[in-house]
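Report on one structure; see the data block that follows.
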Amino acid sequence: MRGVVIYESLTGNTAKAARMIADQLTAQGIATTASNVMQVDYQALADADLVVVGTWTDGIVVFGQRPGRGHRLKRMPAISGKKAVVYATYAIDPGKVLDKLVEIVEARGGEVLGGMTIRRDRLEESTTDFVRRIIDVLEPA
Ligand SMILES: Cc1cc2nc3c(=O)[nH]c(=O)nc-3n(C[C@H](O)[C@H](O)[C@H](O)COP(=O)(O)O)c2cc1C
Numbered sequence: 012m013r014g015v016v017i018y019e020s021l022t023g024n025t026a027k028a029a030r031m032i033a034d035q036l037t038a039q040g041i042a043t044t045a046s047n048v049m050q051v052d053y054q055a056l057a058d059a060d061l062v063v064v065g066t067w068t069d070g071i072v073v074f075g076q077r078p079g080r081g082h083r084l085k086r087m088p089a090i091s092g093k094k095a096v097v098y099a100t101y102a103i104d105p106g107k108v109l110d111k112l113v114e115i116v117e118a119r120g121g122e123v124l125g126g127m128t129i130r131r132d133r134l135e136e137s138t139t140d141f142v143r144r145i146i147d148v149l150e151p152a
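Letter by letter, the sequence shown follows residues 12 to 152 of this note's numbering.
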């Protein structure tokens, strides 16, 4: 199985999480690369069975949260029929950012299996937890 992480990042947290997720998935046997949503590796995407989509939370801290620069994600390549999982980094309160991200990824044809919000000061613990959950959902015991 192969994977790709497609991310949108303004200040680097979501990009850093993307690299951690890709490295940990690879270590678990799912060869995964990470690319910015504006520079998607089309060959890697074509070869991928699993697509992880990550973004950051944009809003007024506790109100109106939505995927940051969601217009970029809405234009990501179609991923029809591929399994997908989503994550969003945030500072204080992610609100319903994940639901909105799921909608975007489903509109691109992804079969969304789940998602997680990741606090920006807990990237390491949260990405480890996220990858464990991804493996669990892909390979039910
Ligand atoms: C314009 C702007 C709006 C933000 N709004 C929220 C918010 O409403 N709630 C929240 O928890 N974090 C908010 N944040 C924090 C970011 O979601 C958080 O720092 C995230 O990890 C940034 O990811 P990035 O480094 O990949 O850009 C906001 C950040 C920016 C720049």
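Even glycine gets a Cβ: it sits at the ideal position worked out from N, Cα and C. Just so you know, these numbers come straight off a predicted model, no measurement behind them.
Inter-residue Cα distance where the pair is residue i and residue j
i	j	result
residue 147	residue 55	23 Å
residue 220	residue 48	What the structure shows of the chain is the stretch from 12 to 152, and residue 220 is not part of that stretch, so it cannot be assessed.
residue 107	residue 140	20 Å
residue 94	residue 83	20 Å
Contact test: residue i Cβ vs ligand 1 heavy atom, cutoff 6 Å
i	result
residue 23	yes
residue 54	no
residue 130	no
residue 39	no
residue 76	yes
residue 159	As shown, the chain starts at 12 and ends at 152. That puts residue 159 outside it, with no answer to give.
residue 110	no
Residues of its chain near residue i, where Cβ-Cβ distance is below 6 Å and the 5 sequence neighbours each way are ignored
i	result
residue 145	96
Beta-carbon contacts of residue i that lie in its chain and below 7 Å, excluding the five residues immediately before and after
i	result
residue 102	131
Status (buried if at least 16 other CB within 10 Å, exposed otherwise) for residue i
i	result
residue 32	buried
residue 76	buried
residue 92	exposed
Among the options, the one whose alpha carbon lies nearest that of residue i
i	options	result
residue 105	81, 68, 14	68
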